[in-house]
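Enquirer: Okay, handing you the structure first.
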Amino acid sequence: MLSLFILLTADMQMNRLPSIIPAPQSIEVGDGFFEIDGRTTLHVAPEFDRVASMLRSYLAPATGFTFEKIESVALNQIGIALDANLADEGYRLVVSENRIDISAKSAVGAFYAIQTLRQLLPPQVFESERQEVSWKVPTCAIEDSPRFSWRGSHLDVARHFMPKEFVLRYIDLLALHKFNVLQLHLTDDQGWRIEIKKYPKLTEIGAFRKDTMLTYSPKTYEGKPHGGFYTQEDIREIVAYAKDRFVTVVPEIEMPGHSQAAIAAYPELGNTGKQLDVAVDWGVNENVFNVEDSTIQFLQNVLDEVLELFPSPFIHIGGDECPKTQWQQSERAQARMKELGLANENELQSWFIKQMDDFLTKRGRRLVGWSEILEGGLAPGATLMVWLGDEGAMEAVSSGHDVVMAQTTHTYFDYYQSEDTSKEPHAIGGLLPLSKVYEYNPILPQMSREQSKHVLGVQFQVWTEYIRTPSQVEYMVFPRACALAEVAWSPIEKRNYDDFMQRLHKHIERLDVLRVNYRPLQSPGAS
Ligand code: ACM
């Protein structure tokens, strides 16, 4: 292979290297190019038929070419072949002057090779209409596979409902950056966003609120209702669209806290018997589910429908920020605690989560929950999504549980992007500049080799209390997601912020073509 390429010095490589984000494991660049034209054909092993259709759907609109599939190997061709020796999600991509050869162990690797190939082409390839451009691809040889298997993005569609069309566009943007998990935060105090056939009031009542808080201090309000939900048909469409792009949609159904919208719809799920409204204010909320068997049954019936819709091996049950005040004050909850032989309310919460863990495990799924599910004891099958500090991660991995790292310090994309907040849209607070995202290492120095195997990966969070539109989601997510993509995918030895920034300057030309409302790199107050 080396003979095909002129070896370049490190400096020359830096300038000539195509701007691929996330950076591949290894890349060698030649000094020639392959040009895709109207006669370029495809030669594809049968297992890659669907991926080849994706390739065509990516390249056809801007190039105007048809990419005919032929049975024989030929010059001026893009080939996709099987190589069982490559890593699970890995690929090899070799561009010579005559052809492009992709090899992968399975469709997902070939899909990632195609994402890389898109980034080797001129940025106009991302246009949806035909462009008069010469479609040159630099000669190169790339070997690539991801560092982590969970490359996640979380989107809160409960605080502000995001239309289905945006979720689909967002999945495309995630796939381009080789993310493979979209965790949809579907339920919270301020809205229930998924149709459940058995309990129609969850959306009839729970999907709509009377008002929206605009600022916390002083408290100001929008003065109009907000709402929306996904029908089961919408969910099926989102899940299928994501599957074609190798993104797993992980549903998050919050319990026992963050549940006021459900209690507003069905007051018997609460502790006080009061008729509540769907919440309008943000914050940690005392209205939580009660601990009756009937409530556990209700939620498991909800999960039955959720499991039908989402093939994801992981189901997120929230578990964060559940104040114990109402359980302390409720005679019924106190009697339940005694009846179950539990010492305190933390154990009661742990018991609640264990009911869900048993339920999911019996159905061949895995429970994942936020840091607080550690309190009172971690359920046997649980995976911990760590947002509250490294101690929790250490406790989980030491006892053989898997973790996904989602710390506020490096992955909360609802935080401000620069210190000069006067130049930024109103946000929840915090500060998480691009450079800090880039620094993140989800493997902690205090983890042993064995423990670090329990780190499935990393995820960024988009809580939408103050993120009110799809365009604002894009502003908060990009370019920080580009940095996190590299944290999740690229080998840590290759991480170099200056090099990343050079590539990012080119990469944003692609985001421009895609009309992504990213935060400009040079904006005033940029850090
Ligand atoms: C969280 O930020 N409450 C998980």
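Just add 10 to wherever you are in the sequence shown, counting from 1, and you've got this note's numbering.
Glycine included, every Cβ here is placed at the ideal spot set by N, Cα and C.
1) With DSSP as the reference, label Leu-12 as helix, strand or coil.
2) Please state whether the Cβ-Cβ distance between Arg-255 and Gly-237 is less than 8 Å.
3) Hey, Pro-452 and Gln-482 are a contact pair by Cβ (cut 8 Å); roughly how many whole angstroms apart?
4) Just how far apart, CA to CA, sit Asn-95 and Glu-57?
5) Label Gln-285 either buried or exposed according to how many other C-beta atoms from any shown protein chain fall within 10 Å of its C-beta, with 16 as the threshold for buried.
6) At a cut of 8 Å, does the region 424-438 reach the region 372-386 through at least three beta carbon pairs?
7) Could you tell me whether the Cβ atoms of Thr-50 and Asn-108 are closer together than 8 Å?
8) At which residue ranges does the region 324-369 contain complete alpha helix (DSSP H) runs of 4 or more residues, listed in the order of the chain?
9) Please give the ranges of any alpha helix (DSSP H) in the region 422-459, keeping only runs that are unbroken, at least 4 residues long and fully inside the region.
10) Under the criterion of a Cβ to heavy atom distance below 7 Å, does Trp-380 qualify as lining the ligand ACM?
11) So, with DSSP's three-state summary, where would you put Met-172?
12) Asp-314: which of Glu-232, Ser-340, Arg-346, Lys-208 sits nearest, CA to CA?
13) Is the number of C-beta pairs between the region 442-449 and the region 421-431 that are closer than 8 Å three or more?
14) Opposite Gln-193 in the DSSP bridges: which residues?
15) Quick check on this structure: which residue in Asp-182, Gly-267, Leu-165 has the alpha carbon closest to the alpha carbon of Gln-193?
16) In whole angstroms, what is the alpha-carbon distance linking Leu-183 and Gly-410?
17) Looking only at C-alpha atoms, which of Glu-99, Glu-484, Lys-504, Thr-421 sits nearest to Gly-162?
18) Could you spell out the range, first to last residue, of the beta strand (DSSP E) harbouring Glu-519?
19) Can you have a look at Thr-305 and say buried or exposed, based on whether 16 or more other CB atoms are within 10 angstroms of its CB?
20) For the beta strand (DSSP E) containing Ala-151, name the first residue and the last one.
21) Quick one: is the Cβ of Glu-331 within less than 7 Å of any heavy atom of the ligand ACM?
22) List in chain order: all unbroken alpha helix (DSSP H) runs of 4+ residues lying wholly within the region 287-330.
23) Assuming Gly-467 is part of the beta strand (DSSP E), what are its boundary residues?
24) Could you tell me if Gln-125 is buried or exposed, where buried requires 16 or more neighbouring beta carbons within 10 angstroms of its beta carbon?
25) Please report how far the alpha carbon of Asn-311 lies from the alpha carbon of Leu-370, in whole angstroms.
26) Do Arg-375 and Leu-466 have their C-beta atoms closer together than 8 Å?
27) Can you name, in chain order, every residue of its own chain whose Cβ lies under 7 Å from the Cβ of Thr-225, other than the five neighbours on each side?
28) Relative to the C-alpha of Glu-503, which candidate in Ile-30, Pro-34, Leu-27, Ser-29 has its C-alpha closest?
29) Which value, in whole angstroms, describes the spacing of the CA atoms of Arg-505 and Thr-474?
30) Just the C-alpha distance for Ile-259 and Lys-253, rounded to the nearest angstrom, thanks.
31) May I ask whether a heavy atom of the ligand ACM can be found less than 7 Å away from the beta carbon of Trp-6?
32) Exposed or buried, Leu-358, counting other C-beta atoms within 10 Å across all chains shown (16 or more means buried)?
33) Rounded to whole angstroms, what is the Cα-Cα separation between Phe-488 and Asp-508?
34) Which two residues bound the contiguous beta strand (DSSP E) that contains Trp-380?
35) Over the uninterrupted alpha helix (DSSP H) stretch that includes Glu-247, give me the two end residues.
36) Quick one: grab the DSSP three-state call for Ser-408.
Expert: Let me spell this out:
1) In this prediction, Leu-12 scores a pLDDT of 42, lower than 50, which makes its location untrustworthy; the coordinate-derived value is nonetheless stated afterwards. In the structure shown, Leu-12 sits in a helix (DSSP, three-state: H, G or I).
2) no
3) Wrong, their Cβ atoms sit about 27 Å apart, outside the cutoff.
4) 16 Å
5) exposed
6) no
7) no
8) 335-339, 341-349
9) 444-449
10) yes
11) coil
12) Lys-208
13) yes
14) His-164, Val-260
15) Leu-165
16) 34 Å
17) Thr-421
18) Taken as a continuous stretch (DSSP letters only), Glu-519 belongs to no beta strand (DSSP E), being part of the alpha helix (DSSP H) at 507-523.
19) buried
20) 145-154
21) yes
22) 303-319
23) 465-472
24) buried
25) 12 Å
26) no
27) His-436
28) Pro-34
29) 30 Å
30) The question names Ile, but residue 259 in the sequence shown is Val. Spanning the two alpha carbons is a distance of roughly 8 Å.
31) No answer is possible for residue 6: the residues shown for the chain start at 11 and end at 537.
32) buried
33) 18 Å
34) 376-380
35) 242-254
36) helix
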